[in-house]
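These protein sequence lines map, in sequence, to chains A and B.
The opening residue of the first sequence carries number 2 in the numbering used here; numbering runs sequentially from there.
The opening residue of the second sequence carries number 60 in the numbering used here; numbering runs sequentially from there.
Heads up, the beta-carbon is just placed ideally off N, CA and C, and yes, glycines get one too.
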Amino acid sequence: MRDLPQKEGNLFKQILKCYELRQYKKGLKGAEQILKKFPEHGETLAMKGLFYSHLDKKEEAYDFVKKGLRYDLKSHVCWHVFGLVYRADKNYEEALKCYSQALRIDKDNFQILRDFANLQMQLRNFEGYVETVHRLVDMQPQNRQFWIGLSLGYHLMGKPDSSLKVLTTYEEAMAEANSKPDYEQSELLLYHNVVLSDMGDHEAALEHLNSIEKIVLDKKAIKEQRAKFYLALGRLEEAETAYRSLIAHNPDNFAYFDGLLKSLGLSADKLSDEDQTKVLDLFKDLKKEYPRSNVAKRLPLRFATGERFSKIADEYLRTMLRKGVPSLFVNIKTLYTDREKEQAIETLMLGYLAHLHKSQGFDNSGAVVEPPTAILWTRYFLAQHYDFKGDSDEALKLINKAIEHTPTLVELYMTKGRILKHAGDYVSAMEAVNEARELDLQDRFINSKCTKYMLRADKVAEAEKTIILFSRADIADPLNDLVEMQAYWFLIESAESHLRQGQTGRALKRFHQIEKMFGDFADDQFDFHAYCPRKMTLRAYVKLLKLEDQLYSHPYYLRAAQSAIRCYVSLFDKPDGDSDEMEGMTESEKKKLRSKQRKAELKAQKDAEENKKKAVAVQDTTKKGKVDEDPEGLKYLKIEDPLAEALKFLRHLEALASDRIETQLLAFEVYFRKNKMLLALKALLKAHKIDASNATLHEQLVRFSLAVRKSEIKPSTKTVIDKHWETLYHGQDLATFTGAFLKQQKDSAVGSVPHLISAAIAASLMDSSKAGKETAEEILFLMAKEEAKFGKSRSVENVQVAIKTLKSFKSARTQELKAQAAAWFPRATAFQV
Amino acid sequence: MTPPAINMSSSTTTTTLKNNAAFRMSLGDITPNNVGQLKRLNVVLFPVAYAPSFYKEILEVGEFAKIIYFNDVCVGGVCCRKETVAGSATQNLYIATLGVLAPYRRLGLGSKLLNHILETATEASTTPKVSKIYLHVQFGNEEALEFYKKHGFEVVEKCENYYPQFEVKDAYKLEKVLVASN
Ligand SMILES: CC(C)(COP(=O)(O)OP(=O)(O)OC[C@H]1O[C@@H](n2cnc3c(N)ncnc32)[C@H](O)[C@@H]1OP(=O)(O)O)[C@@H](O)C(=O)NCCC(=O)NCCS
């Protein structure tokens, strides 16, 4: 602490105490008292900032901390406080920098070192982490958590041998203390075993496992690991015994059966005829031994083929249909990767249906009268089967029959909804699922599904009303409660609905909420960096870290980020608010639409304000929580630099989902607009490497090439681009290049609608004259001309994109394609006029 | 799978179909959350459209309204109305609806529903005492007639034009006396 007279010095100590006790207001007062006399005391200024940070006054917080630093740049306290303020804002990178500064001044500050290590772990700076923890071990060798931390650090940076050394040293030291076995010691030993096995020395790992068996409490883990080691060491007989005993413990664990097969040398994907017999005989015995095991019944279906498959499937299906197992189709459909099995199942099921109709039996033997539900579940299964095959008509026929038979069964309406959704009729789909909901109002799952279907049908108000039925009653803004509860499925579905309805602001608001949510998930691990080494939950901790590393590749994040980036890109392209709707409109039409939208916006703003007033009034009396002040998300539309916002989303994708082609395609869109030609090129190259035949990539290559030709490019940049010309364009000129792409589409047996769209866009870009437009139209209409080739590739979604593309050409043939689409997808609402 | 209402009556029975395939049947309470099931049943079982007030009252009669599950699928139900009798210390019970979906008939489900009503009506804890149970069956509904006769109900009256809105307008009134009225 820096020179203060005794009285103020004591006061300063007191405010430090206040911080520890979370008495921020009191601390703030104390700081102000000191500052009255010593307005230039840097550390007090910094502390004042820290209190502000915790009192939710972020701007003031940074102002004061920075001011403090200006007066006292050499104080580790100031730097530490600066780090704390950044940390509170989850800005770990900046926090880390501040901590390094603090440590430069006071290199043995225990507290700062400890915080520093946690930050390094959060940022996965393992080398730094190990170094820091080393110093902590030196300072407090009696402190177990630092030893553990050190071992963890080595393990995570891929040095299990060093990790092991640390563990052994520590355990030897501990052996003398001779603590009695407890959970923590048990976990430590198991972790030790994991490290050993990660080193690949299974012999040693097995030996170790045997030596710790008595002390370890998690007996199941011991058994599973031992079986694995036997297998890895080729000690097959022992492995077999081990897996059989595991199966006896839990005959419904796939992995145990897998292990058993491996130990019998029977795990190849394609079994020889002889081996197949062996496997099936084995399962016959297992089924007898464990008559209640589902896995023992189900697994043979994976291994059997041909006649034998049909026989086993027949027995399996009958049992399940008799019992009435709603998940039967979901469980069976994984077999459909094998066309032959799919066909065999269909034949069996159709046979049952025919016989049940006539004789209430699965066959005509008349031996057994099946329960009346048998025919119901048979139809239910077949409806899903045909839906899976894309035959909505047959699927609907079957599900309607089933509903007629038993109109009280919720699952039937859910499936009907799904079939209709696949057929593109979102409104009827929603109605079906709502019927299911009305049959069972207390089922949260159905309620949520129903909400989702409402959003798919763009009935946002109804969806909000429905989802709220299950939220807490005492919340001022129950919708916002969903954000708090991290219901990301709801956020993403509403965002996408807003997008379809041209409400970009609302959509963006949701995307940012999702982004924040994932940020929170990442932050959630922070506390565990200190907690887990202390509590010894090491195996779980390592798993958590691995999971967190994958966080941003979660499908929901991908979906949100991709849409958000697209929004910002189009905000950049059409800053005056042209929406997709305006594609192809004349200026005066646009003007009209815009003024209509503006009026709606104003009204919405007014409504929002009134709601706010009302809500605030209510809030004061009964309800908790904040009220949304900008439900329209207007602030996102007014953003100055939309591409910078897009980049924020893109960064996460680039870091954790760079092997997804979507990431690279979006990266191109952003960098291309920012005129960062080399980065755009890099994205193209990566995309090319992932999937050179991607449809969108083609269109991007054409745009890139045209831009390079037109714009002034630095010679150095040009050289780099030229270097890759061969890879990307096969060294061809643009006309040859696009010609080849189109020809490939025309020649191949199975066509692809996305590729046609891409080729059409390319054609229109290369020749903006009337002739060019006509060529583009011709290309798109290929999907209608060649039924056999394109029929399978057409989907409600991609045909919609095709129509939009035509619209963007201001093509006179837009309606023509739409009429075609209506014939292809008679139920799809998107194509109805 | 819809769980058969949380607060389910304890009586789950396992019965055997004519040819050995076993099935479970159990009674369930009607709650605001699953009353939709009952509505759906009644829509397909009875030509009469019941008003919302009907279902509101159902939620008040306790054990005198039930649904029945066949292997966890809701396939039938019964709804009664309690009627006070002027100047009497006893009450009457009117069966407004009792039905089982067609594919699930002749398996004893209707009987299980009706027996439950009969048992509840004669329970000591039911007050006031139920002196008789009665109902109407449309002319021509032989299966219902047989069903009730089998359970000791008797035709006491022919009600002409009881269902003025339907083609077959006449009905039988059936009843079963539980306690001799004094
Ligand atoms: C009447 C009804 C509820 C009977 O339900 P159920 O579950 O089939 O009845 P049960 O299986 O318990 O039958 C019990 C007995 O009733 C008699 N019965 C029922 N249906 C019969 C029929 N169609 N023909 C002759 N007797 C019949 C039989 O004696 C039967 O015993 P059994 O099967 O051992 O021969 C059912 O037919 C129904 O829902 N009908 C439509 C709705 C209706 O009309 N309800 C009555 C007005 S409230």
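Chain A within 8 Å of residue i, Cβ atoms only
| i | result |
| --- | --- |
| F198 of chain B | no |
| G211 of chain B | no |
| G169 of chain B | no |
| R99 of chain B | yes |
| C133 of chain B | yes |
| G95 of chain B | yes |
| V236 of chain B | no |
| V120 of chain B | no |
| F82 of chain B | yes |
| V103 of chain B | yes |
| Y193 of chain B | no |
| Y109 of chain B | no |
Buried or exposed by the 16-neighbour rule on C-beta atoms within 10 Å, applied to residue i
| i | result |
| --- | --- |
| C308 of chain B | Residue 308 of chain B lies beyond the residue range present for chain B, which begins at 60 and ends at 241; the question has no answer from this structure. |
| L351 of chain A | exposed |
| P233 of chain B | The question names Pro, yet the displayed sequence has Leu at residue 233 of chain B. Under this definition L233 of chain B is a buried residue. |
| C451 of chain A | buried |
| M84 of chain B | buried |
| L86 of chain B | buried |
| N220 of chain B | exposed |
| E119 of chain B | exposed |
| E216 of chain B | exposed |
| M678 of chain A | buried |
| A118 of chain A | buried |
| T720 of chain A | exposed |
| V167 of chain A | buried |
| D621 of chain A | Below a pLDDT of 50, predicted positions are generally treated as unreliable, and D621 of chain A, at 48, falls in that range; no measurement from the model is reported. |
| D525 of chain A | exposed |
| N174 of chain B | exposed |
| S366 of chain A | exposed |
| S429 of chain A | buried |
Min CB distance residue i to chain B below 8 Å
| i | result |
| --- | --- |
| D441 of chain A | yes |
| D621 of chain A | Residue confidence for D621 of chain A is low, a pLDDT of 48 falling below 50, so the modelled location carries little weight; the figure read from the coordinates is stated next. So, not an interface residue. |
| H406 of chain A | yes |
| G159 of chain A | no |
| G260 of chain A | no |
| L657 of chain A | no |
| P556 of chain A | no |
| G325 of chain A | yes |
| T467 of chain A | no |
| P372 of chain A | yes |
| A433 of chain A | no |
Check whether residue i and residue j have beta carbons under 8 Å apart
| i | j | result |
| --- | --- | --- |
| A822 of chain A | I758 of chain A | no |
| T179 of chain B | E122 of chain B | yes |
| E412 of chain A | Y381 of chain A | yes |
| I780 of chain A | L729 of chain A | no |
| E810 of chain A | A831 of chain A | At residue 810 of chain A the sequence reads Phe, which differs from the Glu that was named. Result no, Cβ atoms of F810 of chain A and A831 of chain A do not sit closer than 8 Å. |
| I176 of chain B | C139 of chain B | yes |
| I127 of chain B | L168 of chain B | yes |
| V131 of chain A | M158 of chain A | yes |
| F127 of chain A | L137 of chain A | no |
| T45 of chain A | L56 of chain A | no |
Integer-rounded CB distance, given that residue j should sit under 8 Å from residue i
| i | j | result |
| --- | --- | --- |
| L1 of chain A | L666 of chain A | Lying before the first or after the last residue shown, residue 1 of chain A is absent from chain A, which here runs from 2 to 834. |
| V137 of chain B | L157 of chain B | 4 Å |
| P643 of chain A | L572 of chain A | 4 Å |
| A384 of chain A | A403 of chain A | 7 Å |
| G199 of chain B | V238 of chain B | At roughly 32 Å, the Cβ-Cβ gap does not stay under 8 Å, so G199 of chain B and V238 of chain B are not in contact. |
| Q551 of chain A | L657 of chain A | 7 Å |
| F304 of chain A | L281 of chain A | 7 Å |
Proximity test, Cβ basis, 8 Å: residue i and chain D
| i | result |
| --- | --- |
| L172 of chain B | No chain D is present in this structure, whose protein chains are A and B. |
**Message:** Under 6 Å, CB to any heavy atom of ligand 1. Which residues pass, going along the chain?
**Reply:** Selection output, chain order preserved: B:L104, B:I154, B:T156, B:L157, B:G158, B:V159, B:R164, B:R165, B:L166, B:G167, B:L168, B:G169, B:S170, B:L194, B:V196, B:N200, B:E202, B:A203, B:E205, B:F206, B:K209.
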